[in-house]
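This report concerns only the one structure given below.
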Amino acid sequence: MPAFTLSRFPQLALLGLLSFTSLSASAQADAVRRWQHLDLKADGVPGISADRAYRELLANRKPMTVLVAVLDSGIDSTHQDLKAVLWRKPGEIAGNGLDDDQNGYVDDVRGWNFLGGKDGQNIAVETLEQTRIYGQYKPLFEGKKRKSLSAADQARFDVYEQAKASYLKDLANENKQLSMLTKAYASNTASFGQMMQALNTTRLDTALLRQAARSRPDVPSAGSLYAFLSRNRFASTDEALKGLAEAVTHSRDRVEKSLNPSYNPRPLVGDDVANLTETGYGNPDSQGPNASHGTHCAGIIAGVRGNQLGADGVAGAVRIMSVRSTPSGDERDKDVANAIRYAVDNGAQIISMSFGKDFSPDKAVVDAAMQYADQKGVLLVHAAGNSSNDNDTGLNYPSAHYLNGQDIPNQITVGASSRLNTPELAAKFSNYGKQTVDVFAPGVDIYSSTPANTYSTFSGTSMAAPVVAGVAAVLKSYFPQLTALQIKQIILQSAVPYHTKVNKPGTQKLVDFATLSKSGGIVNLYEAVKLADQQTAAVR
220 MPAFTLSRFP
230 QLALLGLLSF
240 TSLSASAQAD
250 AVRRWQHLDL
260 KADGVPGISA
270 DRAYRELLAN
280 RKPMTVLVAV
290 LDSGIDSTHQ
300 DLKAVLWRKP
310 GEIAGNGLDD
320 DQNGYVDDVR
330 GWNFLGGKDG
340 QNIAVETLEQ
350 TRIYGQYKPL
360 FEGKKRKSLS
370 AADQARFDVY
380 EQAKASYLKD
390 LANENKQLSM
400 LTKAYASNTA
410 SFGQMMQALN
420 TTRLDTALLR
430 QAARSRPDVP
440 SAGSLYAFLS
450 RNRFASTDEA
460 LKGLAEAVTH
470 SRDRVEKSLN
480 PSYNPRPLVG
490 DDVANLTETG
500 YGNPDSQGPN
510 ASHGTHCAGI
520 IAGVRGNQLG
530 ADGVAGAVRI
540 MSVRSTPSGD
550 ERDKDVANAI
560 RYAVDNGAQI
570 ISMSFGKDFS
580 PDKAVVDAAM
590 QYADQKGVLL
600 VHAAGNSSND
610 NDTGLNYPSA
620 HYLNGQDIPN
630 QITVGASSRL
640 NTPELAAKFS
650 NYGKQTVDVF
660 APGVDIYSST
670 PANTYSTFSG
680 TSMAAPVVAG
690 VAAVLKSYFP
700 QLTALQIKQI
710 ILQSAVPYHT
720 KVNKPGTQKL
730 VDFATLSKSG
740 GIVNLYEAVK
750 LADQQTAAVR
């Protein structure tokens with residue numbers, strides 16, 4: 220039988236196991252699932268010491284509730300670990316078709332969706348920004364020579380050439396990926412079918428395969444299939460095929476939609492894309508058609524702690540506002556800007572932003588929204604990106620600087636770390652940057668909520684950013700007098716420095732982990748609370 224194959228997508232990534240030799244099997248599994256909350260000294264794991272902070276520093280304190288906006292793909296409002304902590308807007312009556320509070324958004328009880336139309340339809344997949352730029356400028360510049368153009372057109376031509384190169388590279392890679400995944404799905408389906416026939420069963424789960432590995436020497440592949448499912452935490456081959464089928468669908472959407480210049484879902488929204496000052500478009504469906512990513516990020520921040528369900532969030536006293544601005548594909552600058560302003564205007568104190576892209580043609584409008592958030596004292600937490608790139612020299616938007624080169628003072632940019640204090644400490648996919656990435660946080664194999672009361676393990680700087688947003692929310696809830704800039708300063712100053720020699724992301728070159736970010740460390744709630752205590756004691 221052919222080898223059993225997985226995709227490279229984070230939700231299907233191979234999951235390594237920690238060694239907690241003093242713990243029972245169930246306790247070990249629980250520790251692996253919530254490793255980001257653990258402590259390096261107490262548990263031997265480079266987590267954020269959240270459990271220790273609650274146990275030793277926060278147990279007898281009363282927090283105030285903090286509002287965190289999650290700008291993402293949407294959040295499942297019925298999830299058992301989230302429904303109790305989701306924001307509900309006062310003064311807005313659900314479903315009456317009226318803008319009760321006169322803010323320009325009708326029925327925005329749970330948040331807002333800038334990717335939907337007034338008729339209730341929603342965009343699920345968008346084009347990439349390089350696809351949009353390539354499609355827009357190709358009729359103008361294809362076959363032209365730069366020196367023959369005006370100065371203004373030369374600048375646009377340069378952007379076009381960069382976008383074209385990126386687009387063609389991505390398209391070639393995705394076509395290759397789609398072919399590989401399609402073949403893997405067919406191969407595994409055939410292999411699993413042969414195994415079912417050999418074992419005279421209609422379903423292959425780990426219990427049956429473990430037994431067959433011991434008692435059926437005539438079916439030697441049973442053992443390797445059992446190992447494959449166990450290693451990747453699949454309960455059955457049906458579950459494995461479902462994950463692979465989702466990966467195939469995602470890849471096909473990338474080829475046929477995200478990387479297709481002729482694909483344009485935006486008329487569904489009904490706004491004027493070119494009008495960057497337009498507001499009020501969209502609909503109140505803050506969950507959307509695929510809320511997996513957003514629900515996962517929300518759970519990392521605020522999954523109900525200690526309820527024995529699924530996964531604990533970092534922050535306890537918190538409400539989550541869902542602002543849907545991020546489809547599969549690239550978000551539009553106009554939507555990001557409006558999403559930030561919506562969150563600020565509706566009381567968000569912290570905004571978590573787990574998205575990014577390589578091009579930002581309307582960055583000025585995003586910069587203006589970030590400046591607005593700064594003026595209102597709102598902290599922005601942004602994922603550094605998953606391209607193994609140095610953000611000091613590469614492009615990743617929203618960037619750490621305004622167009623004029625000045626730092627964005629109220630933004631924290633976050634790289635992803637793993638649970639292993641080894642050369643693998645820096646996630647191999649994570650972007651980094653001594654000048655542009657502020658801090659690292661757990662972002663590999665993070666277990667959190669997904670739609671329909673399920674839980675999944677994802678990896679990405681998308682997971683690391685909400686960890687930091689959760690830490691910021693804890694600081695704000697227990698030390699409400701702290702400003703956004705003070706919280707940022709405390710998070711960076713209290714980050715635990717690591718001088719572990721690690722593989723520079725995307726390479727096998729060993730570098731000092733401390734050189735990959737401004738702080739040189741991993742965010743730590745215990746140390747952050749201690750520092751906040753020290754800084755606020757003088758004014759109490």
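Taken in order, the sequence shown gives residues 220 to 759; the numbers are from this note's numbering. Positions of the beta carbon are idealized from the N, C-alpha and C atoms, including for glycine. These numbers come from a predicted model, not from an experiment.
If you ignore the 5 residues before and after I352, its C-beta comes within less than 7 Å of the C-beta of V378, Y379, A382, F578 and P580, all in its own chain and listed in chain order.
Within the DSSP secondary-structure output, P661 pairs in a beta bridge with S636. With respect to I267, V686 sits close: the two C-beta atoms are nearer than 9 Å. Within a 10 Å sphere around the beta-carbon of N743 sit 16 or more other beta-carbons, which makes this residue buried. Using a Cβ distance threshold of 9 Å, N605 and S649 count as a contacting pair.
In the displayed model, D731 falls within a strand according to three-state DSSP. The C-alpha of L694 lies about 15 Å from the C-alpha of S571. When DSSP states are grouped into helix, strand and coil, L427 belongs to the helix group.
The C-beta distance from T676 to D664 rounds to 5 Å, short enough to meet the 8 Å contact threshold.
In the DSSP assignment, A288 falls within the beta strand (DSSP E) that extends over V285 to D291.
Proximity to T655 across N722, V600, D389 and S696 peaks at V600, based on C-alpha coordinates.
Listed as beta-bridge partners of W331 by DSSP are V542. Assignment of Y745 by DSSP, reduced to helix, strand and coil, places it in the helix class. When secondary structure is reduced to three states using DSSP, A441 falls in the helix class.
Annotation for K576: E348, D549 and Y616 place their beta carbon closer than 6 Å to its own, counting only its chain and skipping 5 residues before and after. The continuous alpha helix (DSSP H) containing N407 extends over residues A370 to L418.
Here the stretch 482 to 489 does not lie against the stretch 250 to 262, with fewer than 3 beta-carbon pairs under 8 Å apart. Note that the C-beta distance between V585 and A567 is not below 9 Å. Of all alpha-carbon atoms in R450, V474 and A588, the one lying nearest the alpha-carbon of T496 is that of A588. Under the three-state reduction of DSSP output, T456 falls in the helix class.
Rounded to whole angstroms, the Cβ separation of D300 and G513 is 14 Å, and the two are not in contact under 8 Å.
Listed as beta-bridge partners of F648 by DSSP are no residues whatsoever.
With a cutoff of 9 Å on beta-carbon distance, A517 and A602 are scored as not near each other. By the neighbour-count criterion, in which 16 or more other beta carbons inside 10 Å mark a residue as buried, S434 falls on the exposed side. Measuring C-alpha to C-alpha distances from G532 to each of A384, S505, V690 and L427 identifies V690 as the nearest. Looking at A269, T498 and Q355, the one whose alpha-carbon comes closest to that of N483 is Q355. The way I'd put it, the stretch 415 to 423 doesn't touch the stretch 391 to 402; fewer than three beta-carbon pairs between them come closer than 8 Å.
Per DSSP, the unbroken alpha helix (DSSP H) holding S511 starts and ends at S511 to A521. Take L614, set aside five residues on each side of it, and the residues of its chain with a beta-carbon closer than 6 Å to its own are D577, in chain order. Taking the Cβ atoms as the reference, F659 lies roughly 7 Å from A635, within the contact range of under 8 Å.
Residue burial annotation: G362 is exposed, with fewer than 16 other C-beta atoms found within 10 angstroms of its C-beta.
G336 has its alpha-carbon roughly 13 Å from the corresponding atom of T498. It is roughly 42 Å from the alpha-carbon of N392 to the alpha-carbon of Q594. Remark: C-beta atoms of P546 and T350 do not approach each other more closely than 9 Å. Collapsing the DSSP output to three states places Q630 in a strand. In the DSSP assignment, the residues bridged to K720 are D731.
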